[in-house]
Amino acid sequence: MSIAQGKVAVVTGAGSGIGRATAERLLGLGMRVSAWDLHADALAWLDAYEESSYLRCRVDVRSEDAARDAAAATQARWGHIDLLVNAAGLFLVGPLTEVTAAAIADLFAVNVIGTTLVTQACLPALMAARGAVVNVASTVAVKPTASNSHYAASKAAVAQLTRCWALELAPHGIRVNAVAPGPTRTGIYARAGMSEAQINRLLEDRAARIPLGRTGTPEEIARWIVRLGLEDEWVTGQVLAVDGGMSVT
Ligand SMILES: NC(=O)c1ccc[n+]([C@@H]2O[C@H](COP(=O)([O-])OP(=O)(O)OC[C@H]3O[C@@H](n4cnc5c(N)ncnc54)[C@H](O)[C@@H]3O)[C@@H](O)[C@H]2O)c1
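Numbering-wise, the sequence shown is residues 1215 to 1463 according to our numbering.
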């Protein structure tokens, strides 16, 4: 039996991109997945799986009540939560001269406060299971960028929350790590209002600066999220760059 069999994971942002690839990988390993997303219809892909293996939850991670209700529904269904993957996130593009207070507030509400509220909601169950948390930071958390400063700052916050929570939760046997993906083609750029042409230009420009010469895939990121979440039981407080070497340039 694999170490994943029968375990329960909560995955936020499971409707698209990295969260979806992570949820699919966990299901493939025999885990039960509580898939959370703001857009319920984005979770339709779960129809392809055995109904007993997943729970679909429409959750806005900015809402404390929604996170608490979905954690309770997950507990009621399976009795435990062994892994939490905080993959829900927004991107914000634009220079300092154009950014608005409302856009910054929304960005931090999802990327920083949402990650916090969901972790809080799952914490009692994670403590009981001595489980693990994997957050999703970004290369730009450590590597400055000229055009996405507030996004980068929100991801630097996620990276530092990861290290602090690792210390705070270690006495409860909970490991907290993060993966810091490099540029990866997902729905996040269109959701930030970018056109197809702008997205292509951004990803081509980034790919040219990545030592391994290309952008990543959601599956390549998911592989390390799952590994940090389920294996490596002596690893905590780490932010692992999965970015084709971009962070060391
Ligand atoms: N794609 C990249 O290049 C890249 C690089 C580094 C880090 N990341 C991070 O990876 C994570 C996943 O992003 P992705 O690229 O897969 O993006 P994505 O847009 O494809 O998926 C994100 C999902 O989060 C959901 N979501 C957004 N706001 C939400 C909310 N308030 N409540 C619940 N769900 C919400 C969206 O509906 C979507 O399904 C994000 O934290 C992102 O910042 C992405």
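Beta carbons: idealized from backbone N, C-alpha and C, even for Gly.
All figures in this text were calculated on a predicted structure; none of them were measured in a lab.
**Request:** Taking residue 1251 as part of the alpha helix (DSSP H), name the residues at either end of that continuous run.
**Result:** Element bounds for residue 1251: not the alpha helix (DSSP H) but the beta strand (DSSP E), 1246-1251.
**Asked** Which two residues bound the contiguous alpha helix (DSSP H) that contains residue 1395?
**Response** Run containing residue 1395: none in the alpha helix (DSSP H); it sits in the beta strand (DSSP E), 1389-1395.
**Prompt:** Would you call residue 1217 buried or exposed, if buried means 16 or more other Cβ atoms sit within 10 Å of its Cβ?
**Reply:** exposed
**Prompt:** Going by beta carbon distance, what residues of the same chain come within less than 8 angstroms of residue 1295, once the five residues before and after it are set aside?
**Reply:** 1222, 1223, 1224, 1248, 1285, 1288, 1289, 1336, 1339, 1340, 1343, 1345
**Message:** Comparing C-alpha positions only, which one of 1298, 1362, 1439 sits nearest to residue 1328?
**Reply:** The closest CA to that of residue 1328, considering only 1298, 1362, 1439, is found on 1298.
**Inter-residue Cα distance where the pair is residue 1405 and residue 1232** = 14 angstroms
**Request:** List the residues that DSSP assigns as beta-bridge partners of residue 1236.
**Result:** Note: residue 1236 sits in no beta bridge, so no partner.
**Prompt:** residue 1268 bridges to which residues according to DSSP?
**Reply:** 1247
**Request:** Note down, in chain order, each residue of its chain lying with its Cβ closer than 7 angstroms to the Cβ of residue 1433, except the 5 sequence neighbours on either side.
**Result:** 1235
**Request:** State the Cα-Cα distance for the pair residue 1441 and residue 1322, rounded to the nearest angstrom.
**Result:** 27 angstroms
**Message:** Can you list, in chain order, the residues of its chain with a C-beta nearer than 6 angstroms to that of residue 1278? Leave out the 5 residues immediately preceding and following it.
**Reply:** 1331
**Asked** What separation, rounded to the nearest whole angstrom, lies between the Cα atoms of residue 1379 and residue 1447?
**Response** 16 angstroms
**Asked** Less than 7 angstroms between the CB of residue 1367 and some heavy atom of ligand 1, yes or no?
**Response** no
**Message:** Taking 6 angstroms as the limit between beta carbons, can you name the residues of its chain near residue 1427, skipping five residues before and five after?
**Reply:** For residue 1427, where only same-chain residues beyond five positions count, there are no Cβ hits under 6 angstroms.
**Asked** How about residue 1357 and residue 1460: are their beta carbons less than 8 angstroms apart?
**Response** With a cutoff of 8 angstroms on beta-carbon distance, residue 1357 and residue 1460 are scored as near each other.
**Prompt:** beta strand (DSSP E) containing residue 1258: first to last residue?
**Reply:** Note, residue 1258: premise wrong, no beta strand (DSSP E); not H, not E.
**Request:** With distances taken Cα to Cα, identify the nearest neighbour of residue 1243 among 1302, 1436, 1257.
**Result:** Closest option to residue 1243, judged by alpha-carbon separation, among 1302, 1436, 1257: 1436.
**Prompt:** Is any heavy atom of ligand 1 found at a distance shorter than 7 angstroms from the C-beta of residue 1335?
**Reply:** no
**Asked** Just the Cα atoms here: how many angstroms apart are residue 1371 and residue 1326?
**Response** 7 angstroms
**Between the CA atoms of residue 1228 and residue 1315 - distance to the nearest angstrom** = 28 angstroms
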